[in-house]
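Chains as they are written, first to last, in the numbering used here: chain Y, 1 to 114; chain P, 1001 to 1114. Note that beta-carbon positions come from the ideal geometry of N, C-alpha and C, so glycine has one too. The next block holds one structure in the form of structure tokens; read it before the comments.
Rendered as structure tokens:
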């Protein structure tokens, strides 16, 4: 079975500071991993995805994530936070075999302090 | 523009009434999904459909029903049997690109039942 755990339901950073959102996965097969962002009362937007092509994945809006198999982690980072980054972030995993079912973490709410 | 539309954005119903949430996609995706989102609980899968005229229960299907008569449409009915229907409902679809399934989301419908 696949699952993801997001450590920290709320994260606050100052504008310009490093953003680090944590995600650990559990998968019996090589996983496909995703990060999504959700703004209030909107759907989820794909930020980036890990497909095994490269362990460091770059996404939109300056975000990137590194796949670390030894740590079963896929943490999301951004060097310098902007006010517009304030949102809810979800980590997700899909089954590497069938790939068509997705399992989401409980989300991390990011607050950016001016 | 291709995308997923959900209507209406906000929906209000009296307790005991069935209500149907619309989801339409023009992305030509085979698979479609319904999720329920509650604060602090992430996304929970209600139903999914991989092809027309076929669908499977997700983790919290009780009190919900779906149909998939057309590839583009996957309506969700929230029945009076659903004990706590007030939530944000998200529809999604997925497609396989370069060996990996990617999931895309609609803007959501916020249902309030009083």
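CB-CB length for residue 87 of chain Y against residue 38 of chain Y, believed under 8 Å | 6 Å between Cβ atoms; contact.
Rounded distance between the beta-carbons of residue 1081 of chain P and residue 1036 of chain P, thought under 8 Å | Going by Cβ atoms, the distance from residue 1036 of chain P to residue 1081 of chain P rounds to 15 Å, so no, they are not a contact pair.
Quick one: residues in its chain with C-beta nearer than 6 Å to the C-beta of residue 1007 of chain P, no 5 flanking neighbours on either side, listed in chain order?
-> Non-local C-beta neighbours of residue 1007 of chain P in its own chain, meaning closer than 6 Å and more than five positions away in sequence, comprise 1022, ordered along the chain.
Does the beta-carbon of residue 1049 of chain P have 16 or more other beta-carbons within 10 angstroms, so that it is buried, or is it exposed?
-> Residue 1049 of chain P counts as buried, since no fewer than 16 other beta carbons sit within 10 angstroms of its beta carbon.
Tell me whether residue 1038 of chain P sits in a helix, a strand or coil according to DSSP, three-state version.
-> Coil at residue 1038 of chain P, not helix or strand.
Neighbourhood of residue 1018 of chain P by C-beta distance below 8 Å, restricted to the same chain and skipping five residues each side | Shown here for residue 1018 of chain P: same chain residues with a beta carbon closer than 8 Å to its own, the five before and five after excluded, namely 1077, 1078, 1079, 1080 in chain order.
Return the chain-ordered list of same chain residues with a C-beta closer than 6 Å to the C-beta of residue 1016 of chain P, the five sequence neighbours on each side being excluded.
-> Around residue 1016 of chain P: 1080.
Residue 41 of chain Y (DSSP reduced to helix, strand or coil) | In the three-state DSSP reduction, residue 41 of chain Y falls in the coil class, being neither helix nor strand.
Is the segment 88-95 of chain Y touching the segment 22-39 of chain Y in the sense that three or more CB pairs, one from each, lie closer than 8 Å?
-> Under the Cβ criterion (8 Å, minimum of three pairs), the segment 22-39 of chain Y counts as touching the segment 88-95 of chain Y.
Limits of the beta strand (DSSP E) - the one that residue 75 of chain Y falls within = Its beta strand (DSSP E) spans residues 73-78.
Kindly indicate which residue of P:1044, P:1091, P:1012 has the alpha-carbon position closest to the one of residue 1061 of chain P.
-> Answer by Cα proximity: P:1044.
Check the Cβ of residue 1064 of chain P against every Cβ in chain Y and list those closer than 8 Å, keeping chain order.
-> Proximity of chain Y to residue 1064 of chain P at the Cβ level (cut-off 8 Å) is not reached, the minimal Cβ distance being about 17 Å.
Please classify residue 61 of chain Y: does DSSP put it in a helix, a strand, or coil?
-> Residue 61 of chain Y: helix per DSSP, three-state reduction.
By how many angstroms is the C-alpha of residue 1014 of chain P removed from the C-alpha of residue 45 of chain Y?
-> For residue 45 of chain Y and residue 1014 of chain P, the gap between their C-alpha atoms comes out near 32 Å.
When burial is assigned at 16 or more other CB atoms within 10 Å of the CB, is residue 75 of chain Y buried or exposed?
-> That one is buried.
What are the residues that DSSP puts in a beta bridge with residue 1091 of chain P?
-> In DSSP, residue 1091 of chain P forms a bridge with P:1034.
Between residue 11 of chain Y and residue 78 of chain Y, is the Cβ-Cβ spacing less than 7 Å?
-> No. Outside cutoff.
Would you tell me roughly how many angstroms separate the C-alpha atoms of residue 1030 of chain P and residue 1005 of chain P, rounded to the nearest one?
-> About 16 Å.
In angstroms, rounded to a whole number, what distance separates the CA positions of residue 49 of chain Y and residue 32 of chain Y?
-> CA-CA distance, residue 49 of chain Y to residue 32 of chain Y, rounds to 7 Å.
Within the 7 Å Cβ cut-off, does residue 1039 of chain P reach chain A?
-> In the displayed structure, chain A is absent; the protein chains listed are Y and P.
Would you list the one or two residues that DSSP bridges to residue 13 of chain Y?
-> Paired residue(s): Y:112.
Return the residues of the segment 1070-1085 of chain P that lie within a Cβ-Cβ distance of less than 9 Å from chain Y, sorted by chain order.
-> Per Cβ criterion, the list is empty.
How is the beta strand (DSSP E) around residue 1028 of chain P delimited, first residue to last?
-> DSSP places residue 1028 of chain P in no beta strand (DSSP E); its state is neither H nor E.
Chain P contact for residue 108 of chain Y (CB, 7 Å cutoff) | No, residue 108 of chain Y lies away from the interface with chain P (no Cβ there is under 7 Å from its Cβ).
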